[in-house]
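Novice:
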Amino acid sequence: TTKFDLLIETIVKDANVLHTLVDDLHIEKLILQIGSSPMPSHETTPIPIQFYQYKDSIENDIQQADLVISHAGAGTILQTLEANKPLLVVINEQLMNNHQLEIAHVMEKQGYLYFCTCATLAETLKKFVNHRFEQYEKGNPLLFGRYLNEIMTE
Amino acid sequence: MDVTFINRSRHVGQSYISSVFTTLWAFFTVIPFVYRIRPKLILINGPGTCIPIVIASLLLSILFLIRRPKIVFVESICRVQSLSLTGKILQYLPVNILVQWPQLTERYPKTQYIGRLV
Numbered sequence: 001t002t003k004f005d006l007l008i009e010t011i012v013k014d015a016n017v018l019h020t021l022v023d024d025l026h027i028e029k030l031i032l033q034i035g036s037s038p039m040p041s042h043e044t045t046p047i048p049i050q051f052y053q054y055k056d057s058i059e060n061d062i063q064q065a066d067l068v069i070s071h072a073g074a075g076t077i078l079q080t081l082e083a084n085k086p087l088l089v090v091i092n093e094q095l096m097n098n099h100q101l102e103i104a105h106v107m108e109k110q111g112y113l114y115f116c117t118c119a120t121l122a123e124t125l126k127k128f129v130n131h132r133f134e135q136y137e138k139g140n141p142l143l144f145g146r147y148l149n150e151i152m153t154e
Numbered sequence: 001m002d003v004t005f006i007n008r009s010r011h012v013g014q015s016y017i018s019s020v021f022t023t024l025w026a027f028f029t030v031i032p033f034v035y036r037i038r039p040k041l042i043l044i045n046g047p048g049t050c051i052p053i054v055i056a057s058l059l060l061s062i063l064f065l066i067r068r069p070k071i072v073f074v075e076s077i078c079r080v081q082s083l084s085l086t087g088k089i090l091q092y093l094p095v096n097i098l099v100q101w102p103q104l105t106e107r108y109p110k111t112q113y114i115g116r117l118v
């Protein structure tokens with residue numbers, strides 16, 4: 001997993017972000033997977049925050065969520081889209097890994113999610129109000145099996 | 001099930017110049033392994049660690065020591081606009097390259113898109 005301290009800080013401390021989450025999106029609770037990042041102090045946040053470092057699987061948390069905010073890891077993106085959850089992908093500008101941008105960009109273009117940076121998090125969240133995303137279709141591994149059959153019998 | 005570990009061609013962050021040497025080394029250590037297994041089909045993805053296997057199998061087949069296997073490389077779903085370095089290298093070899101975004105086949109005509117696999 002990759003470190004993204006700034007994202008955790010933004011979610012917990014940025015007043016605009018919290019305001020949008022609570023007032024515009026009616027979020028009542030936050031569950032944060034923080035990995036090795038430090039957890040900022042959060043006594044004065046308007047909604048309860050639960051956090052943990054790691055779990056074997058975040059599948060349950062994704063399933064129970066009304067909104068998922070994550071870094072641009074392909075695994076997390078696919079897992080969340082397959083669960084058909086609204087997803088906000090936050091690009092880590094300090095990593096500046098081009099692939100992060102590529103997959104977030106194309107997924108947004110196809111209407112599956114929104115992406116942003118920590119600086120534009122609050123304003124991008126506003127787009128989620130009453131927004132319906134395109135339904136993501138899982139990939140089909142059977143296509144691969146069929147392809148292998150074809151080439152092996154050439 | 002037989003599991004064998006092979007050497008990495010390049011570690012994350014390793015300089016490309018020194019990677020030439022580690023790849024060569026990996027290649028030599030992998031030759032007896034490929035000769036023993038004699039694969040008919042090689043499925044590969046991701047990092048350049050797969051390249052020595054490819055070269056070893058092609059070399060052994062050119063020397064008539066094994067039959068030439070089918071080789072299929074599946075490019076990462078993160079690769080939307082450009083091929084990975086491994087994918088770019090494999091274009092020059094008899095390898096089937098599957099990409100997961102159709103626009104890549106226009107830019108890299110040697111690749112194929114058969115649909116999204118993951």
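From first to last, the protein sequence lines stand for chains W and C.
Heads up: the first sequence runs through residues 1 to 154, numbered per the UniProt record's numbering.
Heads up: the second sequence runs through residues 1 to 118, numbered per the UniProt record's numbering.
Every residue gets a Cβ at the ideal spot worked out from N, C-alpha and C, and that includes glycine.
(1) Can you give me the start and stop residues for the beta strand (DSSP E) that residue 92(W) sits inside?
(2) Rounded to whole angstroms, what's the CA-CA distance from residue 30(W) to residue 78(C)? Just pull it up for me.
(3) What in chain C is Cβ-close to residue 151(W), meaning under 9 Å?
(4) Please report the residue range of the alpha helix (DSSP H) in which residue 28(C) lies.
(5) Going by the beta-carbon positions, is the gap between residue 46(W) and residue 18(W) smaller than 8 Å?
(6) Can you pull the chain C neighbours of residue 106(W), defined as C-beta to C-beta under 9 Å?
(7) Hey, would you say residue 3(W) sits closer than 8 Å to residue 36(W), going by beta carbons?
(8) According to the Cβ coordinates, are residue 152(W) and residue 41(C) closer than 8 Å?
(9) Is residue 12(C) close to chain W, meaning its C-beta is less than 8 Å from at least one C-beta of that chain?
(10) Just list the residues that DSSP pairs residue 52(W) with in beta bridges.
(11) Along chain C, which residues have their Cβ under 7 Å away from the Cβ of residue 102(W)?
(12) For residue 25(W), which of helix, strand or coil comes out of DSSP?
(13) Among 33(W), 20(W) and 50(W), which residue has its Cα nearest to the Cα of residue 123(W)?
(14) Using DSSP bridges, identify the partner residues of residue 111(C).
(15) Does the pairing of the segment 97–107 of chain C with the segment 55–69 of chain C give three or more beta-carbon distances under 8 Å?
(16) Give me the residue from 38(W), 62(W), 64(W) and 43(W) with the minimum Cα distance to residue 53(W).
(17) Label residue 17(C) either buried or exposed according to how many other C-beta atoms from any shown protein chain fall within 10 Å of its C-beta, with 16 as the threshold for buried.
(18) Going along the chain, which residues of its own chain have a beta-carbon closer than 6 Å to the beta-carbon of residue 127(C), five neighbours each way excluded?
(19) Which residues in the same chain have their Cβ closer than 7 Å to the Cβ of residue 93(C), if we skip the five residues on either side of it in sequence?
(20) Which of the residues in the segment 22–53 of chain C, read from start to end, lie with their CB under 7 Å from any CB of chain W?
(21) Taking a contact to mean a Cβ-Cβ separation below 8 Å, would you say residue 100(W) touches residue 119(W) in this structure?
(22) Along the chain, where does the beta strand (DSSP E) that runs through residue 144(W) open and close?
(23) Can you name the residues of chain C whose CB is closer than 7 Å to the CB of residue 74(W)?
(24) Can you list, in chain order, the residues of its chain whose CB lies under 8 Å from that of residue 19(C), leaving out five sequence neighbours each side?
Specialist: The structure says:
(1) By 1-based counting over the first sequence, the position of residue 92(W) is 92. No beta strand (DSSP E) contains residue 92(W), which DSSP labels as neither H nor E.
(2) Position 30 of the first sequence holds residue 30(W). Position 78 of the second sequence holds residue 78(C). Distance between the alpha carbons of residue 30(W) and residue 78(C): 28 Å.
(3) For the purposes of this step, residue 151(W) is identified with residue 151 of the first sequence, where counting begins at 1. What residue 151(W) touches in chain C: 41, 70, 72 and 96.
(4) On the second sequence, residue 28(C) is found 28 positions in, with the first residue counted as 1. Counting along the chain, residue 28(C) sits inside the alpha helix (DSSP H) bounded by residues 16–37.
(5) To locate residue 46(W), count along the first sequence from 1; it is residue 46. To locate residue 18(W), count along the first sequence from 1; it is residue 18. For the 8 Å CB-CB criterion, residue 46(W) and residue 18(W) form a contact.
(6) On the first sequence, position 106 is the one that residue 106(W) refers to. Under the 9 Å cutoff, chain C gives 80, 81, 101 and 103.
(7) Taking the first sequence and counting its residues from 1, one reaches residue 3(W) at position 3. Taking the first sequence and counting its residues from 1, one reaches residue 36(W) at position 36. Yes, these two residues count as a Cβ contact at 8 Å.
(8) Along the first sequence, one-based indexing puts residue 152(W) at 152. Along the second sequence, one-based indexing puts residue 41(C) at 41. Taking 8 Å as the Cβ cut-off, residue 152(W) and residue 41(C) qualify as a contacting pair.
(9) Stepping through the second sequence from its first residue, residue 12(C) is reached at position 12. No, because no Cβ of chain W sits closer than 8 Å to the Cβ of residue 12(C).
(10) Residue mapping note: residue 52(W) aligns to position 52 of the first sequence, counting from 1. Residue 52(W) pairs with 33(W).
(11) By 1-based counting over the first sequence, the position of residue 102(W) is 102. The contacting residues are 78, 80 and 81.
(12) If you number the first sequence from 1, residue 25(W) lands on position 25. The answer is coil: DSSP assigns residue 25(W) none of H, G, I, E or B.
(13) In the first sequence, residue 123(W) corresponds to position 123, counting from 1. Checked all of 33(W), 20(W) and 50(W); the closest Cα to residue 123(W) is 20(W).
(14) Along the second sequence, one-based indexing puts residue 111(C) at 111. 97(C).
(15) no
(16) Numbered from its first residue, the first sequence carries residue 53(W) at position 53. For the residues 38(W), 62(W), 64(W) and 43(W), the minimum Cα distance to residue 53(W) belongs to 38(W).
(17) Taking the second sequence and counting its residues from 1, the one referred to as residue 17(C) is at position 17. Residue 17(C) comes out exposed.
(18) Past the boundaries of the shown model lies residue 127(C); chain C is included only from 1 to 118, so the question cannot be answered.
(19) One-based indexing of the second sequence puts residue 93(C) at position 93. For residue 93(C), where only same-chain residues beyond five positions count, the Cβ hits under 7 Å are 54 and 58.
(20) For chain W, the residues of the segment 22–53 of chain C that bring a beta carbon within less than 7 Å of one of its beta carbons are 41, in chain order.
(21) Translated into positions along the first sequence, residue 100(W) becomes position 100. Translated into positions along the first sequence, residue 119(W) becomes position 119. Against a cut-off of 8 Å, the Cβ pair of residue 119(W) and residue 100(W) comes out as no contact.
(22) Within the first sequence, numbered from 1, the residue matching residue 144(W) stands at position 144. Unbroken run through residue 144(W) is the alpha helix (DSSP H), 141–152; no beta strand (DSSP E).
(23) Here the question's residue 74(W) lines up with position 74 in the first sequence. Under the 7 Å cutoff, chain C gives 77 and 78.
(24) On the second sequence, residue 19(C) is found 19 positions in, with the first residue counted as 1. So the qualifying residues of the chain are 9, 10 and 48.
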